[in-house]
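Have a look at the structure below, then the notes.
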Amino acid sequence: MSKKSIGAIITAGIALVGTSFIFYNKIKQRRKQRNIERSSGLKQEGNILFKHNKIEEALQLYLEAESLLEEDNIERVFIYNNISTCYFLLQDYKNSLIFSSKTLRIDNKNLKALRIYMETNIKLNNTDEALFYSFVLSVVSKYRNDKNSDKSKSIANSLLNEKTRIETIEYLKIKRDFLPFTVLNDFFSKIKNLENFVSDEKDNLIMKLLDSKEYKELIVFEGNTELIMFVKGGIEFCRGNIEQAKEYFSQNNFLYSVIMLEYINSDDPEYKYSNILDEIISNECNDVFILCYAALIFTKIKDFGKSNEMLEKAELIDSNYHFIFLVKIYNLMSNESTGEMVYKLLEKCRNEFFDKVDLMSVVCDVYLQFSDYNSAIELVKEMMKRFSDDPRPYIYMGLLHEVSSKNELAMQNYLKAIEVDSTFCKSYILYAKSLLMVYDKKCRSWFENALNIATSFEEIYEIKQNLLLMQIEERISALYPELNSE
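Letter by letter, the sequence shown follows residues 0 to 485 of numbering that gives the first Met the number 0.
Here it is, written out as structure tokens:
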């Protein structure tokens with residue numbers, strides 16, 4: 000055979016092999032595409048079953064869909080999350096962790112995977128892990144919409160680094176006694192929103208709240224048992240389970256807790272209040288504050304006669320207690336179609352109690368509530384003349400300047416209030432918050448000064464909430480400098 004013939008055979012062989020490879024690759028690509036399409040179809044079928052609460056059947060379809068995809072297919076992220084969610088709902092927490100971990104290995108800033116990982120660790124009582132991943136989730140959530148698309152991933156990488164992870168856990172463990180304060184604010188506002196729903200819808204929404212991120216975080220941060228019991232009691236109170244609520248509230252003052260919950264509960268089922276009100280009346284309560292709140296509850300259920308009865312009892316104890324007049328104003332606001340009677344009572348307060356700064360403060364509060372800033376300014380100017388040695392007129396003037404976005408003037412008035420009375424906590428809080436608004440680091444020392452003289456739960460709550468947020472921001476900046484980059 001000639002060299003030419005051999006060359007032709009070799010050339011033909013190479014061409015044949017090349018054609019075979021091309022043909023094989025085309026088959027492979029078609030098979031890959033069919034697998035992708037089949038996987039997508041199985042995932043959609045699984046989604047339908049999942050929506051109909053057929054979790055086990057959905058899981059099998061998701062697992063089959065996952066097996067059809069190659070390792071580098073980004074669709075795996077979504078299927079892993081679905082599989083992890085199914086295992087979580089089926090209480091197979093070990094496999095739930097395995098698949099949420101698989102997602103995080105591909106995309107370590109995936110919010111759904113981070114949330115499932117956190118919730119699964121809660122179920123497994125892995126408190127440190129749950130605490131840490133709740134923190135990761137909150138930080139990554141904050142920066143996920145950053146213009147620099149790599150920043151969120153960079154943050155996640157830093158957070159998940161073993162050294163900083165351990166340091167962060169230790170930091171959070173120290174702080175977790177205070178974290179419920181920030182969580183409660185959002186949680187209570189959600190309970191408050193239940194007022195717009197009838198009882199059946201409300202119960203479903205409460206079940207969702209029990210499964211919410213906020214509630215789970217409260218359980219993680221179990222260092223503050225009293226706050227958790229307060230939340231659990233609040234949920235039962237919203238449901239109308241008064242006896243169950245009492246059990247939760249037994250760790251602190253039941254009457255005070257329940258009455259405070261009047262703020263977050265709203266639609267007017269009288270049966271929910273009956274046991275509470277009976278208890279207040281039968282105990283012959285002599286606390287003016289509680290009697291005034293009882294009056295507010297009666298006002299809410301449109302029983303103005305009993306509301307006035309509570310106010311009369313309160314007046315016998317302390318006729319000048321300013322809350323009494325505030326409740327009377329609310330009664331008129333609830334009972335009258337116009338604000339005319341409210342303003343008549345305000346004028347009565349101004350005329351008859353012009354020498355009592357407490358009552359003038361109540362009148363000013365109502366003006367602010369009605370956004371009647373002209374009347375408020377007029378009254379505050381009167382108060383500054385009559386009560387120049389009291390900090391409250393200066394505080395109200397500062398608040399009015401804030402409404403007009405005159406922050407420097409507001410701060411000057413808060414400083415004047417502190418100068419007039421260095422023991423009045425609210426002045427310090429407002430001044431510190433003004434400094435915080437302009438990123439002045441001196442705000443920390445002012446919050447700490449306020450904490451030293453705070454006496455009420457509300458004051459302590461507000462101060463600790465602001466201090467905690469500052470500490471977390473500073474700690475994040477120190478641990479992860481990339482957050483400060485432009």
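A virtual CB, placed ideally from N, CA and C, is assigned to each residue, including glycine.
| Check | Outcome |
| --- | --- |
| Smallest Cα separation from S39: which of R75, K50 and I394? | R75 |
| Using a 10 Å radius around the Cβ and a threshold of 16 neighbouring Cβ atoms, would you call M309 buried or exposed? | buried |
| Identify the continuous alpha helix (DSSP H) that holds Y438 and give its terminal residues. | Unbroken run through Y438: none, as it is neither H nor E. |
| Assuming K425 contacts I394 (C-beta within less than 8 Å), just tell me the rounded distance between them. | 6 Å |
| Do you know offhand how far E69's Cα is from F49's? | 24 Å |
| One question on the structure: do L88 and A64 come within less than 7 Å of each other, judged by their Cβ atoms? | no |
| List the endpoints of the continuous alpha helix (DSSP H) containing L486. | Residue numbering for the chain in the displayed model covers 0 to 485; residue 486 lies beyond these limits and cannot be assessed. |
| Which stretch, first to last residue, makes up the alpha helix (DSSP H) that contains E314? | F303 to I316 |
| Please list, in chain order, all residues of the same chain as S95 whose beta carbon is under 7 Å from its beta carbon, the five residues on each side excluded. | S83, Y86, F87, I115 and T119 |
| In its own chain, which residues sit with a C-beta less than 6 Å from the C-beta of I459, not counting the 5 before and 5 after it? | A453 |
| Leaving out five residues before and five after Y255 in sequence, what residues of the same chain have Cβ atoms less than 6 Å from its Cβ? | Its pLDDT being 45, under 50, Y255 is placed unreliably in this model, and the value from its coordinates should be taken loosely. Within the same chain, Y255 has no close Cβ partners at all. |
| Any contact between the region 442 to 451 and the region 393 to 413? By contact I mean 3 or more CB pairs, one from each, below 8 Å. | no |
| Using the Cβ count rule (16 or more neighbours within 10 Å means buried), how would you classify T298? | buried |
| With L398 and I376 assumed to form a contact (beta carbons below 8 Å), what rounded beta-carbon distance in angstroms separates them? | Wrong, their Cβ atoms sit about 11 Å apart, outside the cutoff. |
| Of all the options E407, E311 and I35, which has the alpha carbon lying nearest to the alpha carbon of R287? | Residue 287 is actually Val in this sequence, not Arg. Closest option to V287, Cα to Cα, is E311. |
| Whose C-beta lies closer than 8 Å to the C-beta of I417 among residues of the same chain, with five residues either side of it excluded? | P390, F423, S426, Y427 and Y430 |
| With distances taken Cα to Cα, identify the nearest neighbour of K93 among S66, L123 and N107. | L123 |
| Answer yes or no: the CB of K122 versus the heavy atoms of the ligand MN, is any distance below 6 Å? | Among the components of this structure there are no ligands whatsoever, and the ligand MN is therefore not found. |
| Identify the continuous alpha helix (DSSP H) that holds F423 and give its terminal residues. | From DSSP, F423 is part of no alpha helix (DSSP H); its letter is neither H nor E. |
| Starting from A453, trace the alpha helix (DSSP H) in both directions and tell me its first and last residue. | From DSSP, A453 is part of no alpha helix (DSSP H); its letter is neither H nor E. |
| Using a Cβ-Cβ cut-off of 6 Å (strictly less than) and excluding sequence neighbours within five positions of A129, which residues of its own chain qualify? | M117, N120, I121 and V219 |
| For S374, name the three-state secondary structure that DSSP assigns. | helix |
| Could you give the distance in angstroms between the alpha-carbon of F303 and the alpha-carbon of C291? | 13 Å |
| Taking all protein chains shown into account, decide if V402 is buried (16 or more other Cβ within 10 angstroms of its Cβ) or exposed. | exposed |
| According to DSSP, simplified to helix, strand and coil, what is S39? | helix |
| By how many angstroms is the C-alpha of R37 removed from the C-alpha of H51? | 21 Å |
| Check whether the Cβ of I35 lies closer than 7 Å to any Cβ atom in chain D. | No chain D appears in this structure, which consists of one protein chain only. |
| Cα-Cα, which of A313, E461, F386 and N465 is closest to L435? | N465 |
| Assign I47 to one of two classes, buried (16 or more other C-beta atoms within 10 Å of its C-beta) or exposed (fewer than that). | exposed |
| Reducing DSSP to helix, strand and coil, say where D389 ends up. | coil |
| Tell me whether N80 is buried or exposed, calling it buried when 16 or more other Cβ atoms sit within 10 Å of its Cβ. | buried |
| Taking the straight line between their C-alpha atoms, what separation do you get for E55 and V135? | 30 Å |
| Would you kindly work out how many angstroms separate the C-alpha atoms of M469 and E461, rounded to a whole number? | 13 Å |
| Apart from the five residues just before and just after L60, which ones in its own chain have a Cβ nearer than 6 Å to its Cβ? | L41, E44 and G45 |
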